[in-house]
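Chains as they are written, first to last, in our numbering: chain U, 1 to 320; chain Z, 321 to 640.
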């Protein structure tokens, strides 16, 4: 059910992207802005925005510009992240800075960002609600920057504690999901309590998804994950699992050892399993998602609300 | 007179920046965002925004958030430009990417950009006018990106014609000045004709200033310019002067020769003078500024309007 809905909404969003972000002069700039957008993807954020609108009495066609805008914001962060990480591939495509060079990729990201606000400002809703949603999306973007900054800061620190990690994840990944949901609600005339419930749902499930993703990296076999199991360990990422293990006095010698052997990584994963840190993180992830789902209890029952609840479950079930 | 006004308004803007962009968590990110902002500057764009508001019946205190926002947008473009150009110094300070590293500088710029829209969304005006001004600033930012993209593209082209150059300059530098002016008008309840007049004034004088700047680089002695005379020639910049000379069949051998001697640059400048291209550009600059000033004739007379006209003259008189 939810997968079918995701496919349908993604198709509508794809068409709206082509409509709201046509290639115009200078053509090559617009082509670089569309590069990752055209590669597709699940369109989770715009779909969540549309479902939030529908769950609060709104209509998809009225929030489509906003849905496109949040997808553009997401893609802008991907382009700039790839420059910062010097990544070469994204969604199976060569990254924007690898294809057009670093200066052009900075511009492509910046331009996507501007276009997102241009499109948001065209939203069909009461002007006061449009202003509120723009303020929210802008605040969300500031939050993403704060989370990104913290993430870079963490790379050179050994003393990151759980609360800091959760704040970083909330800002780096959950706020845009939450911001998309709340934007859908605001533009649809939702009351403050409903809009807040959708924000809370987004933050809690968003943090849950990210923790789950960190668990998945450790427990999923390479043939299903599509990349080496335990890649996060070799990268030295301070995930909740690592932070929890360190707090228990567990030492992971190969943390950050980019040329660690499969056997070494396997042993590190065993150590983390024995320490209970993987279970700890998995329980946390499920706990966040459940708490997020319960936040939606203030909304009247509707098909859209059921789909949002299904989406939350789907997000922590999707791998294997 | 105008210099005194600029000083006073700059002081108000400086205080507003400190108020609207306080250093908060993560502190270092906000410090990096304030780095160039705190170095001062003439605050031409926010001052123009305030004067436009006053010239259309508005009050400075109501448009201060917007004035801060356009200065933040300007600074965001400087941070990203410095990364692209690998510049080491700006306003006598080490650049953001030199001090904090490239990834952090990308984030600092992005965060300034978000904050600008956050602050704009707090503007005190009718919501429909706030939405219009946000749409305008966003469109302006897209324009800056387009101009920047064209500028990079021109570096590898020998066939840039005058119209393309003027379009690039309009987008890269004039739209933000024009956008600031029109934003001040929109937020102050100006009619469409007045708002458009301020936009036209900004575009025309902005293009004029930039052409004048290119002339200044060639005709100002090093001790006044503060950098080598004819630096643009050594950098290979396709300024209006160069484009005009090339269109007349004049060849500048040292164009783009970064290690050209003073004598070689001097000779190139003489050649450009003889070709009439420097006079051509200077006339164009003055013509744009005059045309810009005449656009303001639709506004009722006021002190603010007189100051805007003075500002235009001041901008093409300032050097020596």
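Here a beta-carbon is modelled for each residue, glycine too, at the ideal position from N, C-alpha and C.
- Taking 4 residues as the minimum length, the alpha helix (DSSP H) runs contained wholly in the stretch 538-577 of chain Z are 542-545, 551-555 and 560-567, in order along the chain.
- Secondary structure of residue 78/U (DSSP, three-state): helix.
- For the stretch 433-446 of chain Z, the residues whose beta carbon sits under 9 Å from a beta carbon of chain U are, in order, 433, 434, 435, 436, 437, 438, 439, 440, 441, 442, 443 and 446.
- Proximity of residue 138/U to chain Z, defined by a Cβ-Cβ separation below 8 Å, is satisfied.
- By the beta-carbon neighbour count (other beta carbons within 10 angstroms, threshold 16), residue 618/Z is exposed.
- A Cβ-Cβ contact shorter than 8 Å links residue 422/Z with residue 403/Z.
- Residue 327/Z carries a helical assignment under DSSP once its states are collapsed to helix, strand and coil.
- With its beta carbon less than 8 Å from one in chain Z, residue 142/U belongs to the interface.
- The beta-carbon of residue 29/U is placed less than 8 Å from the nearest beta-carbon of chain Z.
- Straight across, the Cα-Cα distance linking residue 238/U with residue 557/Z is about 46 Å.
- The shortest C-alpha to C-alpha distance from residue 309/U to any of 71/U, 190/U, 121/U and 202/U is the one to 202/U.
- Just so you know, the alpha carbons of residue 188/U and residue 555/Z end up roughly 53 Å apart.
- Legend: CB atoms of the stretch 148-166 of chain U lying less than 8 Å from CB atoms of chain Z belong to residues 148, 149, 150, 152 and 153.
- Identification of residues in the stretch 39-68 of chain U having a C-beta nearer than 9 Å to some C-beta of chain Z yields an empty set.
- The beta carbon of residue 378/Z lies closer than 6 Å to those of 508 in the same chain, with the five residues before and after it left out.
- When DSSP states are grouped into helix, strand and coil, residue 619/Z belongs to the coil group.
- DSSP lists 409/Z as the bridge partner or partners of residue 414/Z.
- Residue-level contact check: residue 84/U touches chain Z, since one or more beta carbons of chain Z fall below 8 Å from its beta carbon.
- The beta carbons of residue 128/U and residue 73/U sit no closer together than 8 Å.
- Residue range 127-154 is occupied by the alpha helix (DSSP H) that includes residue 137/U.
- Taking a C-beta cut-off of 7 Å against chain U, the contacting residues of the stretch 421-433 of chain Z are 423, 424, 426, 427, 430, 431 and 433, listed in chain order.
- What residue 454/Z touches in chain U, judged by beta-carbon distance under 7 Å, is 117, 121 and 134, going in chain order.
- In its chain, beyond the 5 residues on either side, 211 and 240 have a beta carbon closer than 7 Å to the beta carbon of residue 284/U.
- At a C-beta separation below 8 Å, residue 466/Z has these neighbours in chain U: 25, 26, 29 and 111.
- Membership of residue 593/Z in the alpha helix (DSSP H) is indicated by the continuous run 582-595.
- Residues of chain Z whose Cβ lies closer than 7 Å to the Cβ of residue 80/U are, in chain order, 426 and 430.
- Shown here, residue 56/U sits in coil according to DSSP, grouped into three states, outside any helix or strand.
- In this structure, residue 322/Z and residue 634/Z form a Cβ contact; the two beta carbons are roughly 5 Å apart against a cut-off of 8 Å.
- At the C-beta level, residue 441/Z and residue 388/Z stay beyond 8 Å of one another.
- In terms of Cα proximity to residue 263/U, the closest of 230/U, 7/U and 293/U is 230/U.
- For the options 415/Z, 382/Z and 527/Z, the alpha carbon positioned closest to that of residue 445/Z is the one of 382/Z.
- Closest by C-alpha distance to residue 196/U, out of 233/U, 209/U, 182/U and 204/U, is 182/U.
- Contact of residue 190/U with chain Z is not assigned, every C-beta pair being separated by 8 Å or more.
- Inter-residue distance for residue 553/Z and residue 413/Z is about 25 Å (C-alpha atoms, whole angstroms).
- Per the coordinates, the alpha-carbon of residue 178/U lies some 30 Å from the alpha-carbon of residue 384/Z.
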